[in-house]
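The block underneath contains the structure these notes are about, expressed in structure tokens.
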Amino acid sequence: MRMTKKIILFILAAEVFVFLILPAGLLGVHGLFHQLPDLPSVPKITGDRLQTPETIRVYRHTYGVTEVVPFEDYVKGVVAGEMPATFEPEALKAQAVAARTYSLSKIVRSGDGGNPPAHPDAPLCDDTHCQVYRSVYDLAALKGDQWMAESWQKICDAVDATQGQLMYYNGQLAEQALFHSSSGGHTENSEDVFASAVPYLRSVDSPYEEGATHQQETKYFSSEDLAYLMNLKYPDRKLSLPLTSLSIVSKSSGGRVEDIQINSSTYKGREVRDALGLSSADFQASISGDTITIVSNGFGHGVGMSQYGANGMAERGSNYKEILSHYYTGVKIY
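Taking the numbering used here, the leading residue of the sequence shown gets 46, the next gets one more, and so forth.
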């Protein structure tokens, strides 16, 4: 009994310490020991726009719990999780609007057909299944005091500057506000990567990616290893040794491999990317003796906004609305 009382007193003292010591901005995401009350989170229509909800439910894979988070603080945590804080403020603002739009679309869809099976208690989770989200406490532990004082504040300023702003296409929420790290110079039409054509997800040039990672990324595979990996992923097309031929049959508008033939088997470029762990389906491939060489450019699916391209545009003077209008054809931001 005495030990239990000591533990309770310790927890109460810790809470008092947190509320006295931590800046108010850090406490704004959610309490250290308590979840926020489960307030209504249904988007409302005001005039010609959607009003964002006060809170959002987020499933936290690391902790195995669903948290209720203030919506705009959730957006800040996504920007921190998805884009380097070293990027230009206008790029961070563009990321904030894209993340906010994507998040709201998931809330709208959860009202129509329920939450995803992967996290049935929440419309969104905190990893790449939805968007990477980091709470202020995660970030403080990962990044340290200096990052929190400088970079976190920079992210908060960018999100606050766009508060409530969303992307619309023909008066409707642009539900597929997709983004990726870098495109290798050209983004993709949505139908060349996913199932359907989305009018604002068109292939566009992305010329300002000089600082991007995963440029001219080279990987080597033995014939045996490549055949094993492809057969493991796609056993319906048995790839037999020896590998004697490899040729790219067609490419998409954005320059990614559509179809590639290895011996007599044909694969989609994205299938090869998945099976071999490539950073992008924008690749060149060659075979010499027992070695297959693959050189890829870009990182991610290539649809929607290139984050490095957005930063390159911002460095050259584009504002966040110009960046978003470039990567999402025909959208309006308000």
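Backbone N, C-alpha and C fix where the C-beta goes; we use that ideal spot for every residue, glycine too. Because the structure is a prediction, the values reported are computed rather than measured.
Rounded to the nearest whole angstrom, the C-alpha separation of leucine 277 and cysteine 201 is 44 Å.
In the structure shown, the three-state DSSP call for serine 180 is coil.
Here the C-alpha atom of threonine 258 lies approximately 14 Å from the C-alpha atom of valine 340. CA-to-CA, the gap between tyrosine 147 and threonine 100 works out to about 15 Å.
Glycine 209 is a Cβ neighbour of threonine 97, given a cutoff of 8 Å. Secondary-structure assignment with DSSP links tyrosine 279 through no beta bridge to anything. In the same chain as leucine 291, and ignoring 5 residues on each side of it, the C-beta atoms closer than 6 Å to its own belong to Ile307, Ala330, Ile332, in chain order. For aspartate 172, the three-state secondary structure derived from DSSP is coil. Non-local beta-carbon contacts of proline 252 in its own chain, meaning distances under 8 Å to residues more than five positions away in sequence, involve Gly230, Gly354, Gly357 in chain order. Inclusion of leucine 321 and leucine 288 in the CB contact set at 8 Å is not warranted, their separation being larger than that value. Residue state for histidine 371 is assigned as helix, using DSSP reduced to three classes.
In chain order, Ile293, Val294, Ser295, Thr311, Tyr312, Lys313, Gly314 place their CB closer than 8 Å to the CB of aspartate 304, counting only its own chain and leaving out the 5 sequence neighbours on each side. The residue among Ser351, Asp270, Glu262, Arg361 with its C-alpha nearest the C-alpha of serine 324 is Glu262. Annotated three-state conformation of methionine 128 is coil, per DSSP.
If you look at aspartate 319, you'll find it isn't in any beta strand (DSSP E); it sits in the alpha helix (DSSP H) that goes 314-321. Per the C-alpha coordinates, the member of Ala194, Gly109, Arg102 positioned closest to serine 155 is Arg102.
When the five nearest sequence neighbours on each side are left out, the beta carbons in the same chain lying within less than 7 Å of the beta carbon of asparagine 364 are those of Glu135, in order along the chain. Between valine 153 and threonine 107, the alpha-carbon positions lie close to 25 Å from each other.
In the DSSP assignment, valine 204 falls within the unbroken alpha helix (DSSP H) covering 198-206. Bounds of the beta strand (DSSP E) holding methionine 212 are 212-214. According to DSSP, histidine 346 shares a beta bridge with no other residue.
For tyrosine 265, the enclosing beta strand (DSSP E) covers residues 262-267. A residue is called buried when at least 16 other Cβ atoms come within 10 angstroms of its Cβ; aspartate 327 meets this threshold and is buried. Between the alpha carbons of threonine 111 and tyrosine 104 lies a distance of about 4 Å.
Taking serine 267 as reference, the option from Thr336, Tyr373, Asp166, Glu255 with the minimal CA-CA separation is Thr336. In this structure, glutamine 221 sits near serine 235, with a CB-CB distance shorter than 8 Å. Residue environment: glycine 343 is assigned as buried (16 or more neighbouring CB atoms within 10 Å of its CB, all protein chains considered).
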